[in-house]
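Visitor: First, the structure itself, so that you have it in front of you.
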Amino acid sequence: MAEQPRRPDASMTLLTEVMERPLDPGYAAMAERRGSGGARPGGSRLQELFVLLLAIAIGVGGVWAARQLRAPVDSALSARGVLEEQIRDRVAIADGLREDIAGLRGETNELQAEQGDVSEEFLSRARDAAVSAGTIAVTGPGVAVTLEDSTRAVGGDDPARVFDVDLQLVVNALWAAGAEAIAINGHRVSAGTAIRSAGEAILVDLKPLVSPYEVEAIGDPNGLRTEFARSTAAAQLATLGSMYGIGSSVVQAADLALPAGTAPKLHYVTEQG
0 MAEQPRRPDA
10 SMTLLTEVME
20 RPLDPGYAAM
30 AERRGSGGAR
40 PGGSRLQELF
50 VLLLAIAIGV
60 GGVWAARQLR
70 APVDSALSAR
80 GVLEEQIRDR
90 VAIADGLRED
100 IAGLRGETNE
110 LQAEQGDVSE
120 EFLSRARDAA
130 VSAGTIAVTG
140 PGVAVTLEDS
150 TRAVGGDDPA
160 RVFDVDLQLV
170 VNALWAAGAE
180 AIAINGHRVS
190 AGTAIRSAGE
200 AILVDLKPLV
210 SPYEVEAIGD
220 PNGLRTEFAR
230 STAAAQLATL
240 GSMYGIGSSV
250 VQAADLALPA
260 GTAPKLHYVT
270 EQG
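Structure representation (structure tokens):
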């Protein structure tokens, strides 16, 4: 029997199969069956149904798991409620102590004024020093600068909110304009007052404040308003309003009443013997 001639591409069987039979035999048979109107095998229908049910089950399970993760735990809610109650109690205690301190400071000032051997010049200098230090309540004309978060502000770092640096800029501009006493939302500001942020709240001497923020300054109303309008703070407020919708206003006030602030605590100064 004569030997069959060998094909030149016999060493390239894989490439030959790919070129001459590009379709998988099983896939080709299925395509031929569908083309001839044959019915799909029942096993394929069952597989598709199983995959569909499995996908639905996985989706439902994922949604349930996500809702469980987002739902607050009862113990966490209880702990948060306890902390909020403690914070309210501590704030009430601090407010009561501030009132007691203000009352005692007033009594001290009255007793000093009643001392016969104390000169009027000394008492006047003491009052001026107390006003500068912010340790006594004061009244007088001045201006009130109000800043308010934009209605579209949503988060603590949203530029549409008033930041601590904005209040710092306004306060410094009022001091430079000639203010003799300043308060923010009823909290006296002195040389040692800290204006800082903590989360979404602005703290003035560790007292949290919320929008709107009213900065009251006692001094010559006309001079304060004129000099403040020339300051970089006024330009900053205009920019915040046009870009982020932060509201602000500057109005003159005939009679402002600012409370006494906290006396500074001295760490290094001692009385000379």
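Heads up: the sequence shown begins at 0 in numbering that gives the first Met the number 0, then just goes up one per residue. For each residue, glycine too, the CB sits at the ideal point set by N, CA and C.
1. At which residue ranges does the segment 122-204 contain complete alpha helix (DSSP H) runs of 4 or more residues, listed in the order of the chain?
2. Of all the options Arg224, Pro220, Ala182, Leu53, which has the alpha carbon lying nearest to the alpha carbon of Gly133?
3. Taking Ala253 as part of the beta strand (DSSP E), name the residues at either end of that continuous run.
4. How about Asp305 and Pro140: are their beta carbons less than 9 Å apart?
5. Could you tell me the distance, in whole angstroms, from the CA atom of Trp274 to the CA atom of Val144?
6. Taking the C-alpha atoms as reference points, what is the distance between Val188 and Pro258?
7. Suppose the cutoff is 6 Å on Cβ atoms and the five residues either side in sequence are ignored; what does the same chain contact list for Gly218 look like?
8. Spell out a yes or no on whether the segment 223-231 and the segment 160-173 are touching, meaning 3 or more CB-CB pairs, one atom from each, closer than 8 Å.
9. Along the chain, where does the alpha helix (DSSP H) containing Pro220 start, and where does it finish?
10. From the DSSP output, in three-state form, read off Arg267 for me.
11. By alpha-carbon positions, which one of Gly60, Asp163, Val250, Gln85 ends up nearest to Val209?
12. On the CB-based measure, 16 or more other CB atoms within 10 Å of its CB, does Ser77 come out buried or exposed?
13. Determine the direct distance from the alpha carbon of Arg160 to that of Gly246, and round the result to whole angstroms.
14. Going straight from the alpha carbon of Glu213 to that of Ile135, what length do you get?
15. Going by beta-carbon coordinates alone, are Leu239 and Asp165 separated by less than 9 Å?
16. Just verifying my parser: in three-state terms, what is the DSSP assignment at Val81?
17. From Ala265 to Gly191, what does the alpha carbon distance come to, in whole angstroms?
18. Excluding five sequence neighbours on each side, which residues of the same chain lie with their C-beta closer than 7 Å to the C-beta of Gly185?
19. Who are the near neighbours of Gly244 in its chain, counting only those whose CB is closer than 8 Å to its CB and skipping five residues on each side?
20. Going straight from the alpha carbon of Arg104 to that of Ser123, what length do you get?
21. In whole angstroms, what separates the C-alpha of Val249 from that of Ala237?
22. Tell me the rounded alpha-carbon separation between Arg97 and Gly260.
23. Taking all protein chains shown into account, do 16 or more other C-beta atoms lie within 10 angstroms of the C-beta of Ala91, making it buried, or fewer, making it exposed?
24. Looking only at its chain, what residues have a beta carbon closer than 6 Å to the beta carbon of Val62, apart from the 5 residues adjacent to it on each side?
25. Whole angstroms is fine: what's the gap from Gly154's alpha carbon to Ala193's?
Guide: Short version:
1. 163-176
2. As a working mapping, residue 133 is identified with position 134 in the sequence shown. Selected option, being the one with the closest Cα: Ala182.
3. For this step, residue 253 is matched to residue 254 along the sequence shown. Per DSSP, Ala253 belongs to the beta strand (DSSP E) from 246-257.
4. Nothing in the structure corresponds to residue 305, since the chain is present only between 0 and 272.
5. Summary: the structure shown does not reach residue 274, with the chain confined to residues 0 through 272, and so no result is reported for it.
6. Sequence index remark: in the sequence shown, residue 188 carries index 189 (1-based). Sequence index remark: in the sequence shown, residue 258 carries index 259 (1-based). Going by the C-alpha atoms only, they are around 10 Å apart.
7. On the sequence shown, residue 218 is found 219 positions in, with the first residue counted as 1. Closer than 6 Å at the Cβ level, and outside the excluded window around Gly218, lie Gly141, Gly177, Ala178, Glu179.
8. yes
9. Residue mapping note: residue 220 aligns to position 221 of the sequence shown, counting from 1. It spans 220-228 - the alpha helix (DSSP H) in which Pro220 sits, taken as one unbroken run.
10. Residue numbering aside, residue 267 sits at position 268 when the sequence shown is read from its first letter. The amino acid at residue 267 is misidentified as Arg; the sequence shows Tyr. Tyr267 falls in the coil class under three-state DSSP.
11. For the purposes of this step, residue 209 is identified with residue 210 of the sequence shown, where counting begins at 1. It is Asp163 whose Cα lies nearest to the Cα of Val209.
12. Taking the first residue of the sequence shown as position 1, residue 77 is located at position 78. The residue in question, Ser77, is exposed, as its Cβ has fewer than 16 Cβ neighbours within 10 Å.
13. The residue given as residue 246 occupies position 247 in the sequence shown. The residue given as residue 160 occupies position 161 in the sequence shown. Taking the straight line joining both Cα atoms gives about 10 Å.
14. Here residue 213 is taken as the residue at index 214 of the sequence shown, counted from 1. Here residue 135 is taken as the residue at index 136 of the sequence shown, counted from 1. Cα to Cα, Glu213 sits roughly 20 Å from Ile135.
15. For the purposes of this step, residue 239 is taken as the residue at position 240 of the sequence shown. For the purposes of this step, residue 165 is taken as the residue at position 166 of the sequence shown. Taking 9 Å as the Cβ cut-off, Leu239 and Asp165 qualify as a contacting pair.
16. Position 82 of the sequence shown holds residue 81. It is helical.
17. Taking the sequence shown and counting its residues from 1, one reaches residue 265 at position 266. Taking the sequence shown and counting its residues from 1, one reaches residue 191 at position 192. For clarity, residue 265 is Leu in the given sequence; the question names Ala instead. About 11 Å.
18. Residue mapping note: residue 185 aligns to position 186 of the sequence shown, counting from 1. Excluding positions up to five away in sequence, the list reads Pro258.
19. One-based indexing of the sequence shown puts residue 244 at position 245. Result list for Gly244: Ser149, Thr150, Arg151, Ala159, in chain order.
20. Counted from its first residue, the sequence shown places residue 104 at position 105. Counted from its first residue, the sequence shown places residue 123 at position 124. In a straight line, the C-alpha of Arg104 is about 16 Å away from that of Ser123.
21. Stepping through the sequence shown from its first residue, residue 249 is reached at position 250. Stepping through the sequence shown from its first residue, residue 237 is reached at position 238. Between Val249 and Ala237, the C-alpha separation is close to 12 Å.
22. To locate residue 97, count along the sequence shown from 1; it is residue 98. To locate residue 260, count along the sequence shown from 1; it is residue 261. Each residue's alpha carbon lies about 9 Å from the other.
23. Position 92 of the sequence shown, counted from the first residue, corresponds to residue 91. By the 10 Å Cβ count, Ala91 comes out exposed.
24. As a position in the sequence shown, residue 62 is number 63, starting the count at 1. So the list is empty, once near-sequence residues are dropped.
25. Here residue 154 corresponds to residue number 155 of the sequence shown, with the count starting at 1. Here residue 193 corresponds to residue number 194 of the sequence shown, with the count starting at 1. Whole-angstrom Cα-Cα distance: 23 Å.
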